[in-house]
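Asks: Residue numbers (the working numbering): 2 to 277. Heads up, the beta-carbon is just placed ideally off N, CA and C, and yes, glycines get one too. Note that the structure is predicted; figures quoted are calculated from it, not measured.
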Ligand SMILES: NC(=O)c1ccc[n+]([C@@H]2O[C@H](COP(=O)([O-])OP(=O)(O)OC[C@H]3O[C@@H](n4cnc5c(N)ncnc54)[C@H](OP(=O)(O)O)[C@@H]3O)[C@@H](O)[C@H]2O)c1
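Structure, rendered in structure tokens:
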């Protein structure tokens with residue numbers, strides 16, 4: 002398993018996403034992910050599955066310190082007291098005494114970034130989390146966040162797949178020594194029928210999803226968090242460490258965003274004015 006390092010953290014480059022899956026189905030999926038080797042799990046207060054994620058982690062025989070666990074604070078909870086309450090509620094739901102990474106899920110349209118980032122720093126000081134970061138932050142919001150933070154921000158978690166060019170925000174993250182966590186890395190299956198990706202998959206004897214995930218983790222500072230509820234897909238999405246793509250193949254996949262522009266997560270109530 003490959004890891005990426007930044008600001009003192011070591012993060013497995015393939016994590017397991019858990020959006021849109023709850024209860025027993027979520028617990029079973031996380032158990033399966035841990036069984037096949039994932040050591041990085043992504044949840045959020047808003048996913049309403051922290052109880053299931055926590056029970057799968059607590060029920061496994063994997064030492065807690067071997068698992069990198071992320072949760073997120075929802076946009077309605079970004080005032081200081083609300084953020085601290087949300088973080089504490091997440092720990093109670095998870096049944097754990099800390100998470101590894103606490104993220105601002107979406108920037109607030111009403112509460113200044115500096116205020117939220119100072120609250121996030123307070124959550125870190127209280128020991129709720131080992132690292133802090135952001136999600137869905139544009140380059141402009143990143144500048145504001147870095148100006149306000151005492152502690153380095155570990156990652157910016159954003160949508161990223163071959164049909165969405167993220168060069169601007171990726172460069173900004175790299176300049177700040179941050180990781181870039183690719184969410185919806187398969188565009189919720191939206192890129193899996195692409196002929197260029199399918200042709201490369203055939204050449205390597207791999208699935209289209211494996212090609213896309215390999216493309217992610219072969220990029221500097223990029224971490225990907227695919228979600229699946231199917232054991233076969235959970236295992237296949239993690240089996241991307243025993244082959245590599247050529248420079249031409251990497252460029253061909255990156256080039257797809259010149260003729261496609263797809264955003265699968267763009268909720269009007271919270272989405273910022275994107276860079277792309
Ligand atoms: N920060 C944010 O605002 C934000 C927003 C969105 C997502 N996220 C995080 O990112 C994670 C991943 O994103 P996502 O869930 O939106 O989308 P995704 O991982 O791009 O795609 C998930 C979809 O692809 C299917 N799939 C997975 N592996 C497959 C494979 N090998 N072959 C064919 N189909 C496959 C899944 O179906 P099956 O279950 O049937 O396999 C599911 O329908 C989320 O779960 C969440 O943790 C964060």
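What residues in its chain sit with their C-beta under 6 Å from that of residue 79, if we drop five residues either side in the sequence?
Replies: Excluding positions up to five away in sequence, the list reads 109, 112 and 117.
Asks: Kindly indicate which three-state DSSP category residue 47 falls into: helix, strand or coil?
Replies: Looking at residue 47 - three-state DSSP - the assignment turns out to be helix.
Asks: Taking the C-alpha atoms as reference points, what is the distance between residue 138 and residue 158?
Replies: Cα to Cα, residue 138 sits roughly 8 Å from residue 158.
Asks: Quick test of the definition: if touching needs 3 or more C-beta pairs under 8 Å, does the segment 191–209 touch the segment 166–182?
Replies: Not touching, per the Cβ criterion.
Asks: For residue 234, does the three-state DSSP call read helix, strand or coil?
Replies: In the structure shown, residue 234 sits in a helix (DSSP, three-state: H, G or I).
Asks: Identify whether residue 13 lies in helix, strand or coil by the three-state DSSP scheme.
Replies: Reduced to three states, the DSSP call for residue 13 is strand.
Asks: Ligand 1 and residue 73: does the residue's C-beta get closer than 8 Å to at least one heavy atom of that ligand?
Replies: Checking every heavy atom of ligand 1 against the Cβ of residue 73, one is found closer than 8 Å.
Asks: Alpha helix (DSSP H) containing residue 122: first to last residue?
Replies: Segment 114–126, the alpha helix (DSSP H) holding residue 122.
Asks: For the putative contact between residue 95 and residue 55, defined by C-beta atoms under 8 Å, what is the C-beta separation to the nearest angstrom?
Replies: Yes, they are in contact, since the Cβ atoms of residue 95 and residue 55 sit about 3 Å apart, within 8 Å.
Asks: For residue 57 and residue 179, I'd like the C-alpha separation in whole angstroms.
Replies: Answer to the nearest angstrom: the Cα atoms are 29 Å apart.
Asks: Measure from the alpha carbon of residue 81 to the alpha carbon of each residue in 40, 201, 125 and 52, then state which is nearest.
Replies: Taking only the C-alpha atoms, the option nearest residue 81 is 125.
Asks: Alpha carbon to alpha carbon, how far is residue 218 from residue 133?
Replies: About 21 Å.
Asks: Can you list, in chain order, the residues of its chain with a C-beta nearer than 7 Å to that of residue 52? Leave out the 5 residues immediately preceding and following it.
Replies: Same-chain partners within the cutoff: 94.
Asks: From which residue to which residue does the beta strand (DSSP E) around residue 80 run?
Replies: Counting along the chain, residue 80 falls outside any beta strand (DSSP E), and DSSP gives it neither H nor E.
Asks: Bridge partners for residue 212 per DSSP, in chain order?
Replies: Beta-bridge pairing links residue 212 to no other residue.
Asks: Tell me residue 6's beta-bridge partners as DSSP assigns them.
Replies: In DSSP, residue 6 forms a bridge with 11.
Asks: If you measure from each CB to the nearest heavy atom of ligand 1 and keep those under 6 Å, what residues do you get, in chain order?
Replies: Ordered along the chain, the selected set is 18, 19, 20, 43, 106, 136, 137, 158, 184, 185, 186, 187, 188, 189, 190, 193, 208, 210, 226, 227, 228, 229, 230, 231, 234, 237, 238 and 266.
Asks: Taking only three categories from DSSP, how would you classify residue 239?
Replies: Looking at residue 239 - three-state DSSP - the assignment turns out to be helix.
Asks: Identify the continuous alpha helix (DSSP H) that holds residue 180 and give its terminal residues.
Replies: That residue, residue 180, is in no alpha helix (DSSP H); its beta strand (DSSP E) goes 180–184.
Asks: Just tell me which of 31, 150 and 8 has its CA closest to the CA of residue 226.
Replies: Taking only the C-alpha atoms, the option nearest residue 226 is 31.
Asks: Taking contact to mean at least 3 C-beta pairs separated by less than 8 Å, is the segment 238–246 in contact with the segment 144–155?
Replies: No, the segment 238–246 is not in contact with the segment 144–155.
Asks: Identify the continuous alpha helix (DSSP H) that holds residue 24 and give its terminal residues.
Replies: Residue 24 -> alpha helix (DSSP H) spans 24–37.
Asks: Counting along the chain, where does the beta strand (DSSP E) carrying residue 101 start and finish?
Replies: That run of the beta strand (DSSP E) goes 100–105.
Asks: Is it buried or exposed, residue 73, if we count other Cβ atoms within 10 angstroms and call 16 or more buried?
Replies: Burial call: buried.
Asks: For the segment 40–52 against the segment 13–29, are there 3 or more C-beta pairs whose distance is under 8 Å?
Replies: Enough Cβ pairs lie closer than 8 Å, so yes.
Asks: Can you grab the Cα-Cα spacing for the pair residue 35 / residue 61, in whole Å?
Replies: Roughly 8 Å separates the two Cα atoms.
Asks: Can residue 244 and residue 215 be called in contact, C-beta distance under 9 Å?
Replies: It is a contact, given that the beta carbons lie within the stated cut-off.
Asks: Could you give the distance in angstroms between the alpha-carbon of residue 70 and the alpha-carbon of residue 203?
Replies: Residue 70 and residue 203: Cα-Cα distance of roughly 34 Å.
Asks: Would you mind sorting residue 259 into buried or exposed? The rule is 16 or more other CB atoms within 10 Å of its CB.
Replies: Residue 259 is exposed by the Cβ-count criterion.
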